[in-house]
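Just below is one structure, and these are the notes that go with it.
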Amino acid sequence: MQGCCTTASAGPARQSRTAWQSSLPGRVLKCWSRPIMALQVERWEVQKHGSLSTKTMLKRLRDEGYSGSTYQFPPGTQFPSHTHGCDKKDSIITGRFRFVSKDQGEVTLEPGDVLHVPRGMEHSAETVGTETVTFVDASRY
């Protein structure tokens, strides 16, 4: 991933997920007992952005002031808890990708989903299922 990634120290165990759940169309955000805010997932809009592709996603993110790189993550890829020193947007072109924040919950991203990851948010992530994930990692410094 791009250069603003740092590994977080091991913290207290994740808290119970019993506090609340909020539904998005087709998705459920599961939040810990001390949610600060819900994860911000934006959906791809064909009418606004055109057909979903790596090229069109990179253009959208550039238009928003982000610079991005594309990665392929095979099934079983996991990222331990870490933070970033800049604002990021994680975008999915193919496959499914689970994002977990101990304070803000978890969400499984699917093609066309864009997740805003604020500077300093501690999180982990992993691929879901048997399909390779095509992932656009975008940063704004």
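19 is the number of the first residue of the sequence shown in my numbering; add one for each residue after it. Glycine residues also receive a C-beta, built at the ideal position from the N, C-alpha and C atoms.
Report the option in T74, D121 and A156 whose CA atom is closest to the CA atom of V64. T74
Please report the residue range of the beta strand (DSSP E) in which L57 lies. Careful: L57 lies outside any beta strand (DSSP E) and carries neither H nor E.
On the DSSP bridge list, what partners appear for Y89? F153
If you measure between the beta carbons of E60 and V132, is that distance less than 9 Å? yes
When you measure from the CB of H134 to every non-hydrogen atom of the ligand COA, does any distance come out below 8 Å? With respect to the ligand COA, the structure offers nothing, as it holds no ligand at all.
Beta-carbon gap between S99 and V154 smaller than 9 Å: No, they are not a contact pair.
Quick check on this structure: which residue in T101, Y89 and K66 has the alpha carbon closest to the alpha carbon of R137? T101
Three-state secondary structure assigned by DSSP to Q122: coil
Would you list the residues sitting across from V132 in a DSSP beta bridge? E60 and S109
If you drop the 5 nearest sequence neighbours on each side, which residues of the same chain put their C-beta closer than 6 Å to that of A156? L79, Y84, G86 and K107
Please say whether H134 and L57 have beta carbons closer to each other than 9 Å? It is a contact, given that the beta carbons lie within the stated cut-off.
Enclosing beta strand (DSSP E) for T145 [first to last residue]: H141 to V146
Spatially closest choice to P93 from D105, E82, C104 and T112, by CA coordinates: T112
Determine the direct distance from the alpha carbon of V125 to that of S41, and round the result to whole angstroms. Confidence in S41 is poor, its pLDDT being 45 and thus under 50, which makes the residue's placement too unreliable to answer from.
State the DSSP-derived secondary structure class of G138, mapped to helix, strand or coil. coil
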